[in-house]
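There are 2 protein chains.
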Amino acid sequence: MHSLQFTAESSSNGMVERDFTVGDVPGVLWSPASGTDRAPLVLMGHGGGAHKKHAAMAGRAHLLVTGCGFHAAVIDAPGHRDRPRTAHDEQEIAELRKAQAAGEPEGPIVVPYNARLAELAVPEYRATLDALQDLPEIGADGPVGYVGIGLGTAIGVPLVAAEPRITAAVFGMMWPDALVEAAKQITVPIEFAMQWDNERIPREAGLVLFDAFASKEKTLHANAGKHFDMPLFEADSATRFFARHLGRAVTSPA
Amino acid sequence: MHSLQFTAESSSNGMVERDFTVGDVPGVLWSPASGTDRAPLVLMGHGGGAHKKHAAMAGRAHLLVTGCGFHAAVIDAPGHRDRPRTAHDEQEIAELRKAQAAGEPEGPIVVPYNARLAELAVPEYRATLDALQDLPEIGADGPVGYVGIGLGTAIGVPLVAAEPRITAAVFGMMWPDALVEAAKQITVPIEFAMQWDNERIPREAGLVLFDAFASKEKTLHANAGKHFDMPLFEADSATRFFARHLGRAVTSPA
Numbered sequence: 001m002h003s004l005q006f007t008a009e010s011s012s013n014g015m016v017e018r019d020f021t022v023g024d025v026p027g028v029l030w031s032p033a034s035g036t037d038r039a040p041l042v043l044m045g046h047g048g049g050a051h052k053k054h055a056a057m058a059g060r061a062h063l064l065v066t067g068c069g070f071h072a073a074v075i076d077a078p079g080h081r082d083r084p085r086t087a088h089d090e091q092e093i094a095e096l097r098k099a100q101a102a103g104e105p106e107g108p109i110v111v112p113y114n115a116r117l118a119e120l121a122v123p124e125y126r127a128t129l130d131a132l133q134d135l136p137e138i139g140a141d142g143p144v145g146y147v148g149i150g151l152g153t154a155i156g157v158p159l160v161a162a163e164p165r166i167t168a169a170v171f172g173m174m175w176p177d178a179l180v181e182a183a184k185q186i187t188v189p190i191e192f193a194m195q196w197d198n199e200r201i202p203r204e205a206g207l208v209l210f211d212a213f214a215s216k217e218k219t220l221h222a223n224a225g226k227h228f229d230m231p232l233f234e235a236d237s238a239t240r241f242f243a244r245h246l247g248r249a250v251t252s253p254a
Numbered sequence: 001m002h003s004l005q006f007t008a009e010s011s012s013n014g015m016v017e018r019d020f021t022v023g024d025v026p027g028v029l030w031s032p033a034s035g036t037d038r039a040p041l042v043l044m045g046h047g048g049g050a051h052k053k054h055a056a057m058a059g060r061a062h063l064l065v066t067g068c069g070f071h072a073a074v075i076d077a078p079g080h081r082d083r084p085r086t087a088h089d090e091q092e093i094a095e096l097r098k099a100q101a102a103g104e105p106e107g108p109i110v111v112p113y114n115a116r117l118a119e120l121a122v123p124e125y126r127a128t129l130d131a132l133q134d135l136p137e138i139g140a141d142g143p144v145g146y147v148g149i150g151l152g153t154a155i156g157v158p159l160v161a162a163e164p165r166i167t168a169a170v171f172g173m174m175w176p177d178a179l180v181e182a183a184k185q186i187t188v189p190i191e192f193a194m195q196w197d198n199e200r201i202p203r204e205a206g207l208v209l210f211d212a213f214a215s216k217e218k219t220l221h222a223n224a225g226k227h228f229d230m231p232l233f234e235a236d237s238a239t240r241f242f243a244r245h246l247g248r249a250v251t252s253p254a
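Quick mapping for you: the protein sequence lines, in order, are chains A and B. Under the working numbering, the residue at position 254 of the first sequence is numbered 254, and the numbers go up by one with no gaps. Under the working numbering, the residue at position 96 of the second sequence is numbered 96, and the numbers go up by one with no gaps.
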């Protein structure tokens, strides 16, 4: 088991940002600038082609840290940002670009590629969680949530199915094909986002994945618009979802 | 045109509650206890078999008034609470009870009955809005929203389609049959709530109605559970929706 090594630290916007590694996996942990004794942790998963410090990750972290006093952490997915791309990664990405250029369906490429990334990433997330829980400001028995859209859902659904420490999750925007069986094992509260006019992932596919979760509390948020039009207020909504389930009030209008 | 007559006033929980009539239609207006110069107004429509002071109405009003500084107003639907029931009302209600007791579908009874109530109620809501806008604390050119679930949607969809003063609306939980044509005329931002396991209104029926709105911004909130299990946090969400669209920040964690 690898322990967590901090490699850089900075502070802005009411957050402390600490880069870290767990083994050879790079990540970032955002925490409240004003120290708290133990606070809940939200693990995050970035989208396909993005990375741990993408604006969507830093933005969600800001809402969670400054609005709720939570910690938020994310690691680069295999083949993304600071991690080496394999020949297989290069091939999958080339095929995806080809399909996009030809206007062909992306699902047949993205689904197996992301399923392969998830196989690698799930144990990495679990090791990262082990290491983060060794930090005194997080601790081994505090509440843990997970949020990830797109690739973050392809990784997150098998992660949450396997990981009893995660007790609330926000997912969305992924084909159901590789995920339905894991989704059926998930019983924790879920918020699930989809785009009603998604040109990449058919509407029915989004509804099938939402339907598969066994959670007694699950909420679908479907917004008008295409794949990349997901409104920013969904990040506010996810923050309030975690505030409800991980046990802190939102302290500023989010 | 009838003007508004106040018939009772009380104050609690940070709200002033004023009963009123416009012609022979009774209503209630909730306003901030600390007077403001002009504030946005949210019209509300109660559910079938409920009334203007049902807990769902008073609860939404409390969030809107104390959270956003808005006014909130609702009138009794025809045949409800303080309004006389016609022989037709009695007959429809008896048929509905019979269908419920026999476990038969309610849609064939509720849809035409609520459509008839909407025909009566839409002009009543418009006259109420005229009268409310004569009050100095509301005014003729301030933002106006509408929220109503169930019967409140059966009335609200044709109301919002007909009424250009209403610029944002929250609907949900009604069959599409009598409403699709009006929904297609609506272009203002919409939040639409449904229950994913509704035993009365089939899932597909809810999705058809949501799909019909022509609004560029529309959000579906589908929650796991049966008809009466709609979670309370949907009222918080509706409050934030109106805060976004009618122009005030939510001032306390809602």
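Beta carbons: idealized from backbone N, C-alpha and C, even for Gly. This one's a predicted model, so the numbers in the text were calculated from it and none came from an experiment.
Taking Cβ positions, are residue 43/A and residue 239/A nearer each other than 8 Å?
Between residue 43/A and residue 239/A, the C-beta spacing is not below 8 Å.
Tell me which same chain residues have a C-beta within less than 7 Å of the C-beta of residue 231/A, skipping the five on either side of it?
Correct list, in chain order: 223.
Cβ-based burial, residue 237/B [other Cβ within 10 Å; buried from 16]
So residue 237/B counts as buried.
Would you say the stretch 191-202 of chain B touches the stretch 166-173 of chain B, given that touching needs at least three Cβ pairs under 8 Å?
Touching, per the Cβ criterion.
Helix, strand or coil: how does DSSP classify residue 119/B here?
Helix at residue 119/B.
From the DSSP output, which residues share a beta bridge with residue 83/B?
Answer is none; residue 83/B lacks a bridge partner.
From the DSSP output, which residues share a beta bridge with residue 33/A?
Answer by DSSP bridge pairing: none, since residue 33/A is not bridged.
Along the chain, where does the beta strand (DSSP E) that runs through residue 225/A open and close?
No beta strand (DSSP E) holds residue 225/A; DSSP gives it neither H nor E.
I'd like to know if residue 216/A contacts chain B, where contact means its C-beta is closer than 8 Å to some C-beta of that chain.
Interface residue, yes.
Please check if any C-beta of chain B sits within less than 8 Å of the C-beta of residue 244/A.
Residue 244/A counts as touching chain B.
State the start and end residues of the unbroken alpha helix (DSSP H) segment that holds residue 244/A.
From DSSP, the alpha helix (DSSP H) with residue 244/A extends over 233-246.
Tell whether a beta-carbon distance below 8 Å holds between residue 72/B and residue 61/B.
Taking 8 Å as the Cβ cut-off, residue 72/B and residue 61/B qualify as a contacting pair.
Going by DSSP, what residue range makes up the beta strand (DSSP E) through residue 153/A?
Boundaries around residue 153/A are those of the alpha helix (DSSP H), 151-162, since no beta strand (DSSP E) includes it.
Taking residue 96/B as the query, report the chain A residues whose CB atoms sit under 8 Å from its CB, ordered along the chain.
Correct list: empty, because the minimum Cβ distance to chain A is about 29 Å.
What three-state label does DSSP hand residue 210/A in the structure shown?
Under the three-state reduction of DSSP output, residue 210/A falls in the helix class.
Between the beta-carbon of residue 41/B and the beta-carbon of residue 20/B, is there less than 8 Å?
With respect to the 8 Å criterion, residue 41/B and residue 20/B are not classified as neighbours on the basis of their beta carbons.
What are the partner residues of residue 17/B, as DSSP defines its beta bridges?
According to DSSP, which records beta bridges pairwise, residue 17/B is partnered with 10/B and 30/B.
In three-state DSSP terms, what is residue 170/A?
Residue 170/A: strand per DSSP, three-state reduction.
Output yes if chain B places a C-beta closer than 8 Å to the C-beta of residue 198/A; else output no.
Using a Cβ-Cβ cut-off of 8 Å, residue 198/A does not count as an interface residue toward chain B, since no Cβ of chain B sits closer than that to its own.
Identity of the residue in 78/B, 85/B and 105/B nearest residue 202/B by Cα:
When each option's Cα is compared against that of residue 202/B, the closest is 105/B.
Assumed close pair residue 209/A, residue 154/A - CB separation to whole angstroms, cut-off 8 Å
In this structure, residue 209/A and residue 154/A do not form a Cβ contact; the two beta carbons are roughly 11 Å apart against a cut-off of 8 Å.
Which residues share a DSSP beta bridge with residue 146/A?
Partner(s): 43/A and 169/A.
Residues near residue 95/B in its chain [Cβ-Cβ closer than 8 Å; skip 5 each side]
Counting only residues of its own chain and dropping the five nearest sequence neighbours on each side, residue 95/B has a CB closer than 8 Å to the CB of 109.
Chain-ordered neighbours of residue 233/B on chain A, where CB pairs are closer than 8 Å:
Those are 240 and 244, listed as they occur along chain A.
Which class does residue 2/B belong to by DSSP, given the choice of helix, strand or coil?
Residue 2/B falls in the coil class under three-state DSSP.
Any beta carbon from chain A within less than 8 Å of residue 154/B's own beta carbon?
No - not a single Cβ of chain A is within 8 Å of the one on residue 154/B.
Does any CB atom of chain A fall closer than 8 Å to the CB of residue 220/B?
It does; some Cβ of chain A falls within 8 Å.
What's the C-alpha gap between residue 143/B and residue 129/B?
Their backbone Cα atoms lie some 12 Å apart in a straight line.
Between the Cα of residue 216/B and the Cα atoms of 225/A, 217/A, 211/A and 218/A, which residue gives the shortest distance?
Closest in C-alpha terms to residue 216/B, from the list 225/A, 217/A, 211/A and 218/A, comes 225/A.
Could you tell me which of 243/A, 246/A, 241/A and 228/A sits nearest to residue 48/A, measuring between CA atoms?
Ranking the options by Cα distance to residue 48/A, first place goes to 228/A.
Per DSSP, the bridge partner or partners of residue 71/A:
Its beta-bridge partners are 41/A.
Using the Cβ count rule (16 or more neighbours within 10 Å means buried), how would you classify residue 7/A?
Under this definition residue 7/A is an exposed residue.
Roughly how many whole angstroms lie between the Cα atoms of residue 125/B and residue 218/A?
Distance between the alpha carbons of residue 125/B and residue 218/A: 35 Å.
Taking DSSP's pairing of strands, which residues face residue 194/A in a bridge?
DSSP lists 222/A as partners of residue 194/A.
Does the Cβ of residue 114/B have 16 or more other Cβ atoms within 10 Å, making it buried, or fewer, making it exposed?
So residue 114/B ends up on the buried side.
What are the residues in the stretch 176-198 of chain A lying within 8 Å of chain B by C-beta distance?
Result list: 196.
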